[in-house]
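In the working numbering, the protein residues as written are 1 to 308.
Single-structure report; data block below.
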Ligand code: CP
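Shown next as structure tokens:
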């Protein structure tokens, strides 16, 4: 597949064509049907070993990859930084080579450092999927978001999507900018100036610091948490002021057009970027995103590992 810059890996949405994206979404639709069967499993990847290497915390991505690999009958082994020999000084490279030596065919990698999945792809003979590298890319998240929007609206062509919050530190925002616009959506990035992305000249997006100016004209609002672990909280004056200008409060939700949906990659900080009532509203597709993540990851694993 041409995904992710090489024929072996899935690392970024930046160089995916519309055809790449649509083929993955179409395959994810087929795997959704598999997942709804009484026995939600196919033997497509029997004999393959998928290794999850998570050097940063995760609930959704990690479990979703596990579920996806097992539904394709692959074997799975999981590495967590916590409790590993990293604490004894083992390097990233030696960790990856050790896991390859146990027979892994493919590694799913999350790391706080931008580029870590590319390094592992270079050091090992394993195929690599980027499950989030620093503030850079989270391509499988963007694919599940695109699937969620396509299921809701049928097509992303002309859809106006506002991505709101800590864009500067968000790998989800970066991956979505490229995936959603390639699929025909119009993306507006909404953030205080200090949380707008740097080096984004040439991105096919609008940017604004005025959420209220766009709230009445969007089909989907994609909310992001403040990435405190990457310094996101230190660049605005106070949390109450942030919430009043950028939070999806009940009042702001009431001003959205009637069929506008709300997305969030999770984990949510209820009462900050999203009100508790909005998070539980039928037009909040947050749990649909999680559900769709399994089928999308099945599609990506299947394509990379040459499933039958
Ligand atoms: N959306 C996402 O990446 O969630 P996790 O950090 O729980 O994997």
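Glycine residues also receive a C-beta, built at the ideal position from the N, C-alpha and C atoms.
- In the same chain as residue 292, and ignoring 5 residues on each side of it, the C-beta atoms closer than 6 Å to its own belong to 144, 147, 148, in chain order.
- Looking only at 54, 71, 101, the smallest Cα-Cα distance to residue 83 is reached by 54.
- Taking one beta carbon from each stretch, the region 26-40 and the region 76-95 have fewer than 3 pairs nearer than 8 Å; the two do not touch.
- Assignment of residue 23 by DSSP, reduced to helix, strand and coil, places it in the helix class.
- When the Cα atoms are used, residue 273 and residue 248 turn out to be separated by approximately 6 Å.
- Excluding five sequence positions before and after residue 51, the CB atoms of its chain that fall closer than 6 Å to its own CB belong to 77, 99, 104, 107, given in chain order.
- With respect to residue 223, residue 166 sits apart: the two C-beta atoms are not nearer than 8 Å.
- Nearest to residue 101 by C-alpha distance, out of 125, 114, 282, is 125.
- Of the heavy atoms belonging to ligand 1, at least one sits nearer than 7 Å to the Cβ of residue 58.
- For residue 111, DSSP records a beta bridge to 133.
- In the three-state reduction of the DSSP assignment, residue 102 falls in the coil class.
- According to DSSP, residue 222 shares a beta bridge with 163, 263.
- A direct Cα-to-Cα measurement between residue 127 and residue 203 gives close to 28 Å.
- Burial state of residue 48 is buried, judged by a 10 Å Cβ sphere holding 16 or more other Cβ atoms.
- Per the Cβ contact rule, the region 161-181 is in contact with the region 192-200 (3 or more Cβ pairs under 8 Å).
- For residue 169, the CB stays at least 7 Å from every heavy atom of ligand 1.
- A direct Cα-to-Cα measurement between residue 205 and residue 190 gives close to 10 Å.
- Within the region 171-216, the complete beta strand (DSSP E) segments of 3 residues or longer fall at 186-190, 205-208, listed in chain order.
- The beta carbon of residue 270 sits closer than 7 Å to the beta carbons of 276, 279 from its chain, once the five residues preceding and following it are set aside; these are given in chain order.
- The region 284-300 makes contact with the region 253-271; the number of CB pairs closer than 8 Å reaches 3 or more.
- For the 8 Å CB-CB criterion, residue 186 and residue 25 do not form a contact.
- In the structure shown, residue 50 falls within a strand segment according to DSSP collapsed to helix, strand and coil.
- Within the same chain, 76 come within 7 Å of residue 70 by CB-CB distance, once the 5 residues on both sides are set aside.
- Under the DSSP definition of a beta bridge, residue 127 partners with 106.
- In the displayed model, residue 253 falls within a helix according to three-state DSSP.
- Looking at the backbone, the Cα of residue 65 and that of residue 114 are separated by about 21 Å.
- Under the three-state reduction of DSSP output, residue 278 falls in the helix class.
- Not a single heavy atom of ligand 1 lies less than 7 Å from the C-beta of residue 137.
- Excluding the 5 residues flanking it on each side, residue 43 has same chain C-beta neighbours closer than 6 Å at 73, in chain order.
- Sorting 129, 208, 160, 117 by C-alpha distance to the C-alpha of residue 221 places 160 at the top.
- The three-state reading of DSSP puts residue 268 in coil, since its state is none of H, G, I, E or B.
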